[in-house]
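Below: the structure, in structure tokens.
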Amino acid sequence: MPTYLVKLTPIDKFFFGQKNTFEKDNVNYFVRSSHFPQQTALLGLLRYQLLCHADKSVFDNNKIVNSKAAKELIGEKSFSPEEPSVDNFGLIESLSPVFLMDKETGEMYLPAGLRYQEKEKEKGKYEPLHLKKEGSVVLLEDYDTKKGVYSRWISDRIQSDTIAEDDFFKEDTRVGIRKNYTGGTEDDAFFCETFYHFANYVGGDLKEGNEGTAHSNCEKELKKVHDYCFAFRFRAKEEVRFEKSKIVHLGGERQPFLMEVTKEENTDLLPLKDFSFAKDRSLYMVLLLSDACIPSEIAKEALFAITEVKDFACLLTQTDGDRRFYNRFGKRVKGHKEVKTKDVHLTHERELYIAGSLFYFEDYEAADKFCQRVISSHFHTIGYNYTTIIEPDNKQKTR
């Protein structure tokens, strides 16, 4: 089965939706983008691009004209949390988690764990916290409640230092008042919306002609130090046809991205380097390399955990029928059964553990059993529930 690397570079700002929206059944005046797209959005992007590259007898004028052939390409339905038996996405076998990549160097950036705290006397320097056992009680050693713990990211090439997730992004906040069709405003028309850009640039030398000026607002020539993009891999059941590069639209505000697709010789969806830099002194750690849906009866098997959760829901679509697959301000019906209306259907909300969450175990067998149960979920097919085991003695096994 061939493996492909997909790079998504935002042309400008980007916005990935979360629970809070501007919609009538969930009115929020302050809305902030997530840092990363959902795996379901990436799956939807791939399925749509497969249709776009299909013959006009299958997909024409942005409509499916041959549902039988379309099912062979993209499957019968979109991903559903409640229906694992229908996880057949046509030519798409599986996806990796989304990660960050520097297009210039090819470096991958992955979560390093939610257990970093700023050093006592070195501002801006972070170190991992370790666990200690006092009888039957497990505690974080030297934990300062005033500082808290932070999730850090690590390059697969340079592991001498970790990077804060926020350091990859810059905010772009827009404030305004939405007009109605008659040009007037309504009570709920005010909005404050926060987009993001990648933080690719740093300040540099003063621009030509500004030398010697003492004006505090003189412009500087920005120097590009990174060329970040979102990236993920997918495995196909056979060779698929994609343009090497094209403009696509993604996210809650349908922002433009440059999508670049290349076939890879390496068949691993998420090639990993050594994670021994992050080892605990005495316990086995399971690090989540992606967001994960883990039932409570599985999560409670851990001796100790450092986690955060996020809300998750996704839209449901079917290849058959005439339904609105994009309807930002229309009615959304919660449910996952067969639908006969043209309303957009939204799954019931649930919580996912965020990438970087950590689960601790006393022995490898318990950690491995936990990983096996986590990756057995149908969420793993589309890039959720990815884990790696980090052993105290530097030996590592990945799932």
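Start counting the sequence shown at 1039; every next residue gets the next number (this note's numbering). Note that beta-carbon positions come from the ideal geometry of N, C-alpha and C, so glycine has one too. Everything numeric in this text was worked out from a predicted model, so none of it was measured.
Beta-carbon proximity check, residue i vs residue j, cutoff 9 Å
i	j	result
L1046	A1274	no
F1068	C1352	no
L1327	L1148	yes
L1111	E1302	no
P1040	E1298	no
Q1197	G1421	no
Boundaries of the alpha helix (DSSP H) in which residue i is found, first to last residue
i	result
V1412	Y1402 to I1413
S1334	S1334 to A1337
Nonlocal neighbours in the same chain, by C-beta distance under 8 Å from residue i, ignoring five residues either side
i	result
T1200	A1150, Y1154, Y1164, R1190, W1191 and I1192
K1115	E1121, V1124, L1354, T1355, Q1356 and T1357
K1208	Y1234, H1235, F1236 and A1237
Y1322	Y1398, F1399, E1400, D1401, Y1402, A1404, A1405, I1427, I1428, E1429 and P1430
F1074	F1054, V1136 and F1268
H1264	D1140, E1142, F1236, A1237 and N1238
K1311	D1194, R1195 and Q1197
A1340	V1324, F1397, Y1398, F1399 and F1408
7 Å CB neighbourhood of residue i in its chain, flanking five on each side removed
i	result
C1230	Y1067, F1068, T1211 and V1213
F1342	L1169, V1176 and Y1398
N1104	S1095 and V1096
A1202	Y1188 and R1190
Close beta carbons around residue i, own chain, < 6 Å, minus the five adjacent residues each side
i	result
N1423	A1330, V1412, I1413, S1415 and F1417
S1132	R1273 and T1419
E1389	V1347
P1119	T1385
G1109	The sequence given here places Lys at residue 1109; Gly does not occur at that position. Here the set comprises T1357.
N-terminal and C-terminal residue of the beta strand (DSSP E) that residue i is part of
i	result
P1294	Q1293 to E1302
R1190	Y1188 to S1193
D1349	V1347 to F1350
A1343	F1342 to I1344
H1287	S1283 to L1288
Selection from the options that minimises the alpha carbon distance to residue i
i	options	result
E1291	P1040, T1041 and S1071	S1071
V1286	Y1042, L1088, M1039 and T1041	L1088
I1427	G1421, I1420, T1419 and F1399	F1399
L1080	N1100, A1107, F1127 and F1097	F1127
K1185	R1195, L1167, S1174 and I1196	L1167
A1316	K1282, M1139 and G1394	G1394
Y1188	H1383, K1157, G1173 and V1103	K1157
F1465	R1271, T1300 and T1345	Shown here, the chain extends from 1039 to 1437; a query on residue 1465 therefore has no answer.
E1179	R1319, S1334 and P1294	R1319
Closer than 8 Å: residue i CB and nearest the ligand NAP heavy atom
i	result
F1417	No copy of the ligand NAP occurs in the structure displayed, which carries no ligand at all.
Subject >> alpha helix (DSSP H) runs wholly inside the segment 1086-1136, at least 4 long, in chain order >> reply: Counting whole runs of 4 or more residues, the segment 1086-1136 contains the alpha helix (DSSP H) stretches 1105-1112.
Subject >> Complete beta strand (DSSP E) runs within the segment 1136-1163 (minimum length 3 residues, chain order) >> reply: As for any beta strand (DSSP E) of minimum length 3 sitting wholly inside the segment 1136-1163, the runs are 1137-1140 and 1146-1156, ordered along the chain.
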